[in-house]
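Only one structure is covered here, and it is reproduced in the block below.
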Amino acid sequence: MGGGKRPGGGKGKVSGNPSDPGGRTIDHRTRKGRQTPDTAPDLSFLDDLNPEQREAATYTGGPLLVLAGAGSGKTRCLTYRFAYLVRCLGLDPGDILAITFTNKAAREMRDRVERLLGDGRLPGRGDPHAEGALWVSTFHATCSRLLRRDGERVGLRSNFVIYDASDQTALLKEILSGLGWEESRWPAAGFLAAISRAKDELVGPEEFAAGAADFREERVAKVYPLYQEALRRNNAADFDDLIMKTVILLREEEAVLARLRERFRHVLVDEYQDTNHAQYVFVNLLAAGHRNLCVVGDDDQSIYAWRGADIRNVLEFEKDYPDARVIRLEQNYRSTKTILTAANAVIANNERRTGKKLWTENEAGDPIVYYLAADGAEEAQFVVGEILGGHGGRGLPLRSFAILYRTHAQSRAFEDVLVNKAVPYQIIGGTRFYERKEIKDVLAYLRVVHNPEDEVALERALGVPKRSIGPATLARLRQAAEAVSGAAGAAGLLGGIRAVATGHVDPAGIGPKLRGELGRFVALIDALAAGVGTMPVTEMVREVTEKSGLVEVLRREGTAEAQSRIENIRELATVAANYAHQSDDPSLQAFLENAALMADIDVMKEGDDGVVLMTVHNAKGLEFPHVFVVGLEQGLFPHSRSLEEPHGVEEERRLCYVAMTRGMRRLYLTHARERTLYGYTMPAEPSAFLQEVPEETLFVASLLASRRVVERDPERARPVARTAPGTAVHPAATASATPRFSPGERVIHPRWGEGIIVGISRSGVRPGYAGNVHLRVAFANQGVQTIAAEEVTRKGALGV
DNA sequence: GCGTAACTAGTTTTT
DNA sequence: CTAGTTACGC
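The first sequence begins at 178 in this note's numbering and counts up one residue at a time.
Structure follows, in structure tokens:
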């Protein structure tokens with residue numbers, strides 16, 4: 178794609194721009210009173226940037242690839258570039274298309290641009306569809322916005338809805354059962370994954386069918402068009418459709434493409450290494466005219482290959498654009514020298530990379546704290562102990578600590594300890610708020626109100642709370658729908674329900690009681706529909722929760738779980754209120770879209786103090802003073818599934834690199850000797866990545882020495898320096914004072930006699946003091962007791 | 001059609 | 001282990 182034929186675009190030269198070697202042109206239109214500055218623009222704000230950043234922010238000579246290492250001020254660079262284009266080249270902010278990876282990043286960028294430009298310079302407060310509104314958002318939000326306007330041509334009316342994973346599954350299951358295929362033999366998830374992958378590659382149903390190579394693919398080829406058709410009927414798009422349909426639109430509608438190319442004088446893309454083929458084509462289509470494409474990425478941080486991200490988009494940018502300018506940002510402003518040394522050493526083991534080495538002027542800082550725990554629970558205890566030491570002992574805010582893990586399942590052990598010690602925390606991910614059953618139930622009503630064709634939502638809403646509507650009744654309602662649609666045009670399932678409720682149609686098998694129920698249902702929907710545009714969304718949420726009976730049913734249930742569901746529903750009303758308050762567009766449509774496109778990370782609270790827990794994937798783009806990377810074990814991190822894939826381990830290593838480079842001041846790397854997963858406890862090997870961390874950067878804080886890391890050369894595993902006395906176990910204390918115990922060892926207690934150590938933990942750790950060691954010891958007659966290590970002696974020690 | 005019991009399977013990462 | 005699905009009896 179890419180390479181537009183249009184050379185340079187040129188109309189006139191820009192003078193007074195030192196970093197414009199290409200002599201590129203700015204043929205900006207001047208709109209709405211915004212003028213090209215006649216006097217030399219004030220460039221002093223660029224003084225905040227280092228030379229490379231400055232170059233990246235101001236180069237306008239054509240395609241630009243910025244290889245921005247972790248913590249190299251990438252966001253700052255993009256923001257300044259945006260400001261530069263507006264302030265110095267006189268572009269209208271609405272002429273710039275900026276794409277970020279998450280809504281949070283978009284918001285941040287918007288805020289920062291706003292600050293740089295000063296108040297009132299940015300449009301977009303009010304109607305986001307207005308001319309001149311800002312275009313800073315995610316791929317999905319951008320495409321959605323384009324499709325709302327011009328989607329008719331690809332089968333989407335402007336009130337289309339976005340289906341999430343569970344909606345997709347519900348829809349596909351219906352299709353599968355319609356085909357009579359056994360769900361157990363042909364799970365919906367498999368089809369959805371295949372279809373999603375195809376869409377990432379812009380492969381539509383026909384093309385897929387043509388290329389189907391084996392039995393499985395032929396099955397997919399059969400389902401794919403039916404699925405697309407069903408989406409169209411429901412006036413719905415799934416995540417991948419948002420991108421694919423936009424590309425189709427741009428390819429097929431020249432006028433639309435021309436208009437957008439004309440409009441977006443400059444295109445900026447963040448996290449370019451995580452774009453998939455469809456996104457790549459989208460970006461390059463738009464940029465092909467003016468060729469003012471600036472992409473920013475880091476091949477070492479590409480961690481989304483599993484969802485179609487193609488690292489080649491970065492690696493081959495220079496092939497796509499032979500005249501591309503490449504700028505590397507390698508100075509890191511985030512981490513200590515020690516953290517960077519370790520992270521560089523790990524990532525150096527990857528082969529597929531452009532090759533880049535971060536450096537910093539920051540201090541060497543503390544060594545990396547390495548800890549081997551007895552098991553997952555003890556790992557959590559250590560981590561929380563360290564956090565409490567830093568929080569209580571040194572007054573560090575809790576939110577300066579982040580616990581990063583490979584899989585969500587690992588969060589539980591940490592939550593247990595945090596709850597137990599009453600430490601506030603916030604966990605990002607897991608089941609998202611908007612994907613919770615009760616939330617989706619409420620939203621289903623609102624979705625029907627917004628788009629009556631959304632039958633996935635309609636069926637869901639019909640079923641909650643229970644209204645005695647099963648497959649049989651549903652079939653009858655469908656029949657009724659067909660009966661009326663013959664007479665009065667396409668009425669859809671909702672039309673059928675309305676006909677039955679009003680007695681227009683009276684199918685056998687639907688009694689008066691059910692009819693009344695349906696009447697109330699339709700009345701609720703209609704009342705809400707009448708309020709669209711006037712009634713605030715919060716009000717609608719309240720209406721649904723009260724009139725539908727959802728909350729009533731939960732209240733009668735009376736269990737703790739039901740109670741928490743009610744609270745979640747209440748929270749939804751609050752969320753809606755906040756949304757209306759903050760958003761440019763308080764409409765129902767915008768609210769629903771927001772709910773569909775919202776990522777977990779987007780709702781991270783900045784204000785509250787609390788330890789932050791999340792997966793490494795979620796941590797991308799963030800930084801924390803103190804970072805714990807936990808569960809560094811073979812099979813967990815790197816994950817077992819990755820070991821089978823060709824470039825799997827390299828991606829895991831990048832993930833590890835991302836995790837390590839989140840740390841600003843102190844990094845902890847932990848693993849456990851054994852790990853309990855779905856009920857089974859298994860011995861766990863240390864992660865291969867641990868061995869790639871240079872030993873001289875490590876401080877070993879565990880009672881249990883890791884064979885791999887320590888026994889290799891115990892002397893060198895000692896700390897290099899401790900510039901700031903921290904929360905970790907003090908070297909001197911570990912080295913001398915504490916006799917090392919390990920599970921399985923026999924010990925003697927003065928009163929209870931001989932026992933076996935089954936667990937070890939530590940508390941009260943503070944600088945200069947290793948803390949108290951607690952042992953869990955199984956005694957013959959006392960059962961398992963927790964006792965201070967001082968109370969026992971090792972059997973065989975001291976000649977006993 | 002609903003509720004309970006029993007069972008199962010599936011467990012990476014997410015816009 | 002546990003959440004989510006299925007089978008069965010009412």
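By construction, the Cβ of each residue, glycine as well, lies at the ideal position given by its N, Cα and C atoms.
*Taking 8 Å as the threshold, find out whether the segment 801-818 comes into contact with the segment 463-481 through three or more Cβ pairs.*
Verdict: no, contact absent.
*Residue from V877, L565 and R393 whose Cα sits closest to the Cα of A371*: Taking the first residue of the first sequence as position 1, residue 371 is located at position 194. A check of alpha carbon separations from A371 across V877, L565 and R393 identifies R393 as the nearest.
*Which term fits M841, buried or exposed, when burial requires 16 or more other beta carbons within 10 angstroms of its beta carbon?*
Numbered from 1 along the first sequence, position 664 holds the residue referred to as residue 841. By the neighbour-count rule (16 or more Cβ atoms within 10 Å), M841 is buried.
*Given R653, which residues of its chain have a CB within under 7 Å of its CB, disregarding the five upstream and five downstream residues?*
One-based indexing of the first sequence puts residue 653 at position 476. The beta carbon of R653 sits closer than 7 Å to the beta carbons of P684, G686 and I687 from its chain, once the five residues preceding and following it are set aside; these are given in chain order.
_Under the three-state DSSP convention, the category T904 falls into_ = Within the first sequence, the letter at position 727 stands for residue 904. Only weak support exists for where T904 lies, its pLDDT of 38 falling under 50; the value from the coordinates is given anyway. Coil at T904, not helix or strand.
*Determine the DSSP secondary structure at I273, reduced to helix, strand or coil.*
Within the first sequence, the letter at position 96 stands for residue 273. I273 falls in the strand class under three-state DSSP.
_Here's the rule I'm using: 16 or more other beta-carbon atoms within 10 Å means buried, otherwise exposed. How should M837 be labelled?_
Translated into the one-based positions of the first sequence, residue 837 becomes position 660. Its Cβ being crowded by 16 or more others within 10 Å, M837 is buried.
_Three CB pairs or more closer than 8 Å across the segment 454-468 and the segment 420-439_ = Judged by Cβ distances under 8 Å, the segment 454-468 makes contact with the segment 420-439, as three or more pairs qualify.
_Residue span of the beta strand (DSSP E) that contains A551, given as start and end_ = Working through the first sequence from its first residue, we reach residue 551 at position 374. I545 to D552 is the span of the beta strand (DSSP E), which, as asked, contains A551.
*asked:* For a test of the three-state rule: what should DSSP assign to P763, helix, strand or coil?
replied: In the first sequence, the residue the question calls residue 763 occupies position 586. Coil at P763, not helix or strand.
*If you compare alpha carbons, which of R624, L575 and V626 is closest to R604?*
Start at 1 with the first residue of the first sequence, and residue 604 comes out as number 427. Contrary to the premise, residue 604 reads as Ile rather than Arg in this sequence. For the options R624, L575 and V626, the alpha carbon positioned closest to that of I604 is the one of L575.
*Can you say whether R428 is buried or exposed, counting buried as having 16 or more other CB atoms within 10 angstroms of its CB?*
For the purposes of this step, residue 428 is taken as residue 251 along the first sequence, with counting starting at 1. Answer is exposed; the Cβ neighbour count stays below 16.
*Run through DSSP, which three-state label would R697 get?*
Locating residue 697 in the first sequence gives position 520, counting from the first residue. Correct three-state label for R697: helix.
*asked:* So for M712, helix, strand or coil by DSSP?
replied: On the first sequence, residue 712 is found 535 positions in, with the first residue counted as 1. Coil at M712, not helix or strand.
*By DSSP, does W483 sit in helix, in strand, or in coil?*
Reading the first sequence from its first residue, position 306 is the one you call residue 483. Residue state for W483 is assigned as helix, using DSSP reduced to three classes.
*Which whole runs of the alpha helix (DSSP H) in the segment 489-567 are 4 residues long or more, in chain order?*
Correct list: 489-492, 494-497, 514-524 and 553-565.
*Cα-Cα, which of E869, G693, D631 and V718 is closest to L333?*
On the first sequence, residue 333 is found 156 positions in, with the first residue counted as 1. Residue D631 is the option with its Cα nearest to L333.
_Using a Cβ-Cβ cutoff of less than 8 Å, which residues in the same chain neighbour T847 once the five nearest sequence positions on both sides are dropped?_
As a position in the first sequence, residue 847 is number 670, starting the count at 1. Excluding positions up to five away in sequence, the list reads Y547, Y548, L549, A550, E556, F559, V560, F805, V806, V807, G808 and L809.
*Pull up the distance between the alpha-carbon of P944 and that of G567, whole angstroms please.*
As a working note, residue 944 is residue 767 in the first sequence. As a working note, residue 567 is residue 390 in the first sequence. With a pLDDT of 29 at P944, under the threshold of 50, the predicted position of this residue should be treated as unreliable, and no value is reported.
*At what residues does the alpha helix (DSSP H) containing T423 begin and finish?*
Stepping through the first sequence from its first residue, residue 423 is reached at position 246. Where T423 is concerned, the enclosing alpha helix (DSSP H) stretches over F416 to E429.
*How big is the Cα-Cα spacing for D500 and V491?*
One-based indexing of the first sequence puts residue 500 at position 323. One-based indexing of the first sequence puts residue 491 at position 314. So the two alpha carbons sit approximately 15 Å from each other.
*asked:* Taking the alpha carbon of T279 as the reference point, which residue from N771, T346, L813 and A861 has its own alpha carbon closest?
replied: By one-based count along the first sequence, residue 279 stands at place 102. Nearest C-alpha to T279 among N771, T346, L813 and A861: N771.
*Please list, in chain order, all residues of the same chain as L832 whose beta carbon is under 6 Å from its beta carbon, the five residues on each side excluded.*
Residue numbering aside, residue 832 sits at position 655 when the first sequence is read from its first letter. For L832, where only same-chain residues beyond five positions count, the Cβ hits under 6 Å are I480 and V793.
_If I measure Cβ to Cβ from A796 and keep anything under 6 Å in the same chain, skipping five residues before and after, which residues do I get?_
For the purposes of this step, residue 796 is identified with residue 619 of the first sequence, where counting begins at 1. So the qualifying residues of the chain are L581 and R839.
*DSSP three-state call for I339: helix, strand or coil?*
As a first step, residue 339 is located in the first sequence; it is residue number 162 there, counting from the start. DSSP places I339 within a strand segment (E or B) once states are collapsed to three.
_Whether or not the segment 755-768 and the segment 405-413 are in contact is what I'm after, with contact meaning three or more pairs of Cβ atoms, one per stretch, closer than 8 Å; do they touch?_
Note that the segment 405-413 does not touch the segment 755-768; fewer than 3 beta-carbon pairs, one per stretch, sit closer than 8 Å.
*Answer yes or no: do R583 and V338 have a C-beta to C-beta separation smaller than 7 Å?*
Walking along the first sequence from the start, residue 583 turns up at place 406. Walking along the first sequence from the start, residue 338 turns up at place 161. Taking 7 Å as the Cβ cut-off, R583 and V338 do not qualify as a contacting pair.
*Which residues share a DSSP beta bridge with A579?*
Residue 579 sits at position 402 when you count from the first residue of the first sequence. Looking at the DSSP output, A579 bridges to V789 and V804.
*Assigned secondary structure, H467 (DSSP; H/G/I helix, E/B strand, else coil)*: If you number the first sequence from 1, residue 467 lands on position 290. The answer is coil: DSSP assigns H467 none of H, G, I, E or B.
*What span of residues does the alpha helix (DSSP H) with E395 cover, start to end?*
Counted from its first residue, the first sequence places residue 395 at position 218. It spans F392 to R410 - the alpha helix (DSSP H) in which E395 sits, taken as one unbroken run.
*Per DSSP, what kind of secondary structure is H681 in: helix, strand or coil?*
Position 504 of the first sequence, counted from the first residue, corresponds to residue 681. Residue state, collapsed to three classes: coil.
*Short check: CB of D447 to CB of T531, under 7 Å?*
Within the first sequence, numbered from 1, the residue matching residue 447 stands at position 270. Within the first sequence, numbered from 1, the residue matching residue 531 stands at position 354. No.
*Which residues share a DSSP beta bridge with A245?*
Taking the first residue of the first sequence as 1, we reach residue 245 at position 68. L506, per the DSSP bridge assignment.
*Quick one, are the C-beta atoms of V682 and A700 less than 7 Å apart?*
Position 505 of the first sequence, counting from 1, holds the residue named residue 682. Position 523 of the first sequence, counting from 1, holds the residue named residue 700. Against a cut-off of 7 Å, the Cβ pair of A700 and V682 comes out as no contact.
*Kindly confirm or deny that the segment 272-287 and the segment 314-327 touch, where touching means at least three C-beta pairs closer than 8 Å.*
Contact between the segment 272-287 and the segment 314-327 is present: 3 or more CB-CB pairs across the two stretches fall below 8 Å.
*asked:* Could you tell me the alpha carbon to alpha carbon distance between D785 and Y602, rounded to whole angstroms?
replied: Numbered from its first residue, the first sequence carries residue 785 at position 608. Numbered from its first residue, the first sequence carries residue 602 at position 425. For D785 and Y602, the distance between alpha carbons rounds to 9 Å.
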